[in-house]
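Residue numbers (our numbering), protein chains in the order written: chain A, 1 to 269; chain B, 270 to 535. What follows is a single structure, written as structure tokens, with notes after it.
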Amino acid sequence: MIRTENLLRRFGDVVALNNINIHIKPHQTTVIMGGSGSGKTTLLRLIAGLEPPTAGHIWYGKDDLSHITQKRLYQLRAHMGMVFQYSALLNSLNVYDNVAFPLTEHTRLDSSVVRTMVTMKLEQVGLRGFEHFMPSQLSGGMAKRVAFARALAMDPEIVFFDEPTSGLDPISAGVVTSLISNLTKRTKMTSIVVTHDVHAGLGIADHVILLWQGEVIAEGTANEIRHSDDARVRQFIEGRPDGPIPFSRSQTSYVEDLLYKPGTVRMSR
Amino acid sequence: MNKNGAAQDAMWMFFGGLGRWFLRALENMGDAAVLSATSLGYLFMRPWQGKHIVLQLYALGVGSFVIIAITGAFTGMVLALQGYYTLAKFGSESLLGSGVALAIIRELGPVLGALMMIGRAGSSITAEIGIMRVTEQLDALQMMAINPKARVILPRIIAMLIALPILVTMFDIIGLAAGYIVGVELLGVNGGAFIGEMIAKITPMDLYAGWIKALGFGVLIGIISTYMGYRATPTTEGVAKATTQAVVVGSVGVLMLDYILTSFFL
């Protein structure tokens with residue numbers, strides 16, 4: 001369904017993603033995991049077409065996202081939904097209008113039909129009765145569920161989730177992950193989830209892609225990842241501070257930094 | 270390093286910095302022109318943004334009326350006071366009406382109206398779009414297949430373009446009325462002379478000049494405030510900085526454009 005080919009993304013001199021070749025199968029939940037700064041959100045934004053790759057290709061069937069017209073991209077997006085890390089609800093609209101927004105923008109449905117559909121979506125995420133609340137009145141978990149309902153409004157084929165459980169209490173995180181899992185199975189949609197939450201990620205994944213320093217270091221089913229022998233994979237899923245993935249990203253000598261006096265020349269850089 | 274070498278280095282640094290600043294300003298102007306031109310291109314494409322233009326017109330125009338009315342009233346009152354003080358020295362108090370009217374219609378109405386609009390509406394446009402960038406609302410619109418340039422930028426530029434001439438006309442009317450009250454009712458200038466001189470000295474060209482200035486300022490404020498918000502660094506500090514820059518650059522831009530337009534109409 002979605003395939004990337006030699007994907008490269010640079011920000012200035014920094015290589016955020018390098019040589020990414022992944023295949024996302026339809027009707028499955030694909031979880032992209034990795035530590036902070038591993039490039040997983042960048043990868044999600046590239047796949048969603050929110051950023052262009054520096055090089056390489058992103059294939060949606062026969063459409064290459066890196067060489068696509070805006071019109072065609074918007075046609076493809078009519079079949080996509082996205083739940084952003086901080087929900088990205090439109091501040092000026094209440095819950096009802098946020099969920100109804102894609103419907104009123106892209107369809108000519110009667111307002112009573114829109115109302116029914118919004119009620120159904122809000123019921124799916126357990127927030128019926130909150131229609132008149134403004135985004136500022138919602139908790140983080142509730143805002144994420146509203147964003148989920150909005151992403152589902154057009155019954156998309158693909159839904160992207162950027163850190164769906166970050167900043168949520170365990171119960172809200174559990175509700176959100178079970179929503180992703182249940183709706184993916186029930187509606188046959190394709191879910192692409194970016195997370196560093198190992199427990200939640202492996203719990204819902206049909207397919208896992210593990211990133212480290214902008215490269216794919218492991219790929220497979222949740223079980224294959226759990227039983228991987230790769231030291232980097234083991235360190236990540238067990239959350240151990242020591243191992244091949246260093247905690248410190250410092251570029252210079254600690255002793256030299258402590259002894260450095262402004263205005264003098266550094267020995268090494 | 271000798272004294273001459275240090276002075277030369279300082280000079281190079283100064284001109285180098287100036288050159289870099291100029292190039293950056295030029296780059297930003299080009300970027301703003303491209304962004305606004307591509308956004309305005311959506312005016313002629315479906316889906317039409319008429320409803321959103323009207324909503325923005327209400328938010329920017331109606332929302333700014335009170336501040337424009339207060340500024341217009343006090344400007345007219347001060348002009349009448351100052352004008353009377355000066356004209357009385359030459360025994361020409363009867364010219365007060367034309368003096369107040371020419372100053373307001375040709376110059377102060379458009380310029381002060383535009384400066385008030387930058388502070389009241391321009392800054393709010395920049396902050397609003399900047400916050401939409403920070404909170405990923407612009408990305409969310411993209412993901413819902415809604416073009417932010419058509420939905421967010423275009424209606425605000427067009428609304429500013431329509432609102433400013435209307436608000437400047439209101440500024441002029443309120444300013445003239447306030448000038449009349451101070452000049453005629455408080456200072457005792459002859460009412461007939463005040464209005465007669467005003468009508469005799471104001472030509473249609475003066476009115477056109479004021480409106481054309483207002484149109485130009487409206488476009489300028491719309492472009493600067495939307496551009497600053499759209500290109501704001503997506504952080505709290507970035508939005509604050511962009512909002513300040515929008516007000517500063519917008520105000521200086523209005524004064525510069527005012528000089529250029531005035532030189533055409535004289």
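The beta-carbon is built from N, C-alpha and C at its ideal position, and this holds for glycine as well.
Under 8 Å, Cβ to Cβ, is there at least one residue of chain B near residue i?
i, result
"Met82 (chain A)", "yes"
"Arg77 (chain A)", "yes"
"Pro52 (chain A)", "no"
"Glu224 (chain A)", "no"
"Glu105 (chain A)", "yes"
"Tyr74 (chain A)", "yes"
"Leu90 (chain A)", "yes"
"Thr48 (chain A)", "Correcting the residue identity first, residue 48 (chain A) is Ala in this sequence and not Thr. Yes, its Cβ sits closer than 8 Å to a Cβ of chain B."
"Tyr86 (chain A)", "yes"
"Pro102 (chain A)", "yes"
So, with DSSP's three-state summary, where would you put residue i?
i, result
"Phe130 (chain A)", "coil"
"Ser191 (chain A)", "strand"
"Tyr60 (chain A)", "strand"
"Phe359 (chain B)", "coil"
"Gly352 (chain B)", "helix"
"Val175 (chain A)", "helix"
"Val517 (chain B)", "helix"
"Thr340 (chain B)", "helix"
"Val335 (chain B)", "helix"
"Ser532 (chain B)", "helix"
"Ile400 (chain B)", "helix"
"Ala462 (chain B)", "helix"
"Ser36 (chain A)", "coil"
"Glu405 (chain B)", "coil"
"Ser87 (chain A)", "strand"
"His199 (chain A)", "helix"
"Ala48 (chain A)", "coil"
"Val265 (chain A)", "coil"
"Ala372 (chain B)", "helix"
"Ala55 (chain A)", "strand"
Starting from residue i, trace the alpha helix (DSSP H) both ways and give me its first and last residue.
i, result
"Thr495 (chain B)", "Pro473 to Tyr499"
"Phe283 (chain B)", "Lys272 to Gly310"
"Leu122 (chain A)", "Ser111 to Gln124"
"Ile387 (chain B)", "Segment: none, Ile387 (chain B) is in no alpha helix (DSSP H) and carries neither H nor E."
"Asp220 (chain A)", "Reading off the sequence shown, one finds Gly at residue 220 (chain A), where the question assumed Asp. Note, Gly220 (chain A): premise wrong, no alpha helix (DSSP H); beta strand (DSSP E) at Glu215 to Gly220."
"Gln251 (chain A)", "Taken as a continuous stretch (DSSP letters only), Gln251 (chain A) belongs to no alpha helix (DSSP H), as it is neither H nor E."
"Pro434 (chain B)", "Leu423 to Tyr449"
"Val233 (chain A)", "Ala231 to Glu238"
"Gly141 (chain A)", "Gly140 to Leu152"
"His321 (chain B)", "Gly319 to Leu326"
Below 6 Å CB to CB, which residues in the same chain sit around residue i once its five sequence neighbours on both sides are set aside?
i, result
"Ile204 (chain A)", "Thr29, Thr177, Ile180 and Ser181"
"Arg269 (chain A)", "Confidence at Arg269 (chain A) is low in this model, with a pLDDT of 49, below 50, so the placement of that residue should be treated as unreliable; the coordinate-derived value is given next. So the list is empty, once near-sequence residues are dropped."
"Gly399 (chain B)", "Gly498, Ala501, Val508 and Ala511"
"Gly487 (chain B)", "Met429, Leu430 and Leu433"
"Ser38 (chain A)", "Leu211 and Trp212"
"Pro53 (chain A)", "Leu7, Arg9, Leu46 and Ser66"
So, does the CB of residue i fall closer than 8 Å to a CB anywhere in chain A?
i, result
"Ala414 (chain B)", "yes"
"Asp300 (chain B)", "no"
"Asp408 (chain B)", "yes"
"Glu405 (chain B)", "yes"
"Gln318 (chain B)", "no"
"Gln411 (chain B)", "yes"
The beta strand (DSSP E) that contains residue i, what's its start and end?
i, result
"Asp162 (chain A)", "Ile158 to Asp162"
"Ala100 (chain A)", "Element bounds for Ala100 (chain A): not the beta strand (DSSP E) but the alpha helix (DSSP H), Val95 to His106."
"Val15 (chain A)", "Val14 to Ile20"
"Arg72 (chain A)", "Run containing Arg72 (chain A): none in the beta strand (DSSP E); it sits in the alpha helix (DSSP H), Gln70 to Arg77."
"Met80 (chain A)", "Met80 to Val83"
"Phe11 (chain A)", "Ile2 to Phe11"
"His207 (chain A)", "His207 to Trp212"
With a threshold of 7 Å on Cβ separation, who are the neighbours of residue i within its own chain once the five nearest residues in sequence on each side are excluded?
i, result
"Ser166 (chain A)", "Gln85"
"Ile213 (chain B)", "Here chain B has residues from 270 to 535 only, and residue 213 (chain B) is not among them."
"Ile374 (chain B)", "Asp441, Ile471, Asp475, Leu476 and Gly479"
For residue i, collect the residues of the same chain with a Cβ closer than 8 Å to its Cβ; drop the 5 residues on either side in sequence, then sort them by chain order.
i, result
"Val518 (chain B)", "Ile493 and Met497"
"Thr41 (chain A)", "Gln85, Asp162, Glu163 and Val194"
"Asp230 (chain A)", "Ile217 and Ala218"
"Thr575 (chain B)", "No information on residue 575 (chain B) is available, as it lies outside the stretch 270 to 535 that chain B covers here."
Can you check whether the C-beta of residue i is within less than 8 Å of a C-beta belonging to chain D?
i, result
"Leu304 (chain B)", "Of the protein chains in this structure, namely A and B, none is chain D."
*Counting Cβ pairs closer than 8 Å, one from the region 59-76 of chain A and one from the region 208-228 of chain A, do we hit at least three?*
no
*Given 8 Å, three or more beta-carbon pairs between the region 433-451 of chain B and the region 120-128 of chain A*: no
*asked:* Count Cβ pairs between the region 192-208 of chain A and the region 29-45 of chain A that sit closer than 8 Å; are there 3 or more?
replied: yes
*the region 405-416 of chain B contacting the region 362-378 of chain B, beta-carbon criterion three pairs below 8 Å*: no
*Cβ pair count under 8 Å reaching 3, the region 417-432 of chain B against the region 299-314 of chain B*: yes
*Evaluate contact between the region 444-455 of chain B and the region 518-527 of chain B, counting only Cβ atoms and requiring at least three cross-stretch pairs below 8 Å.*
no
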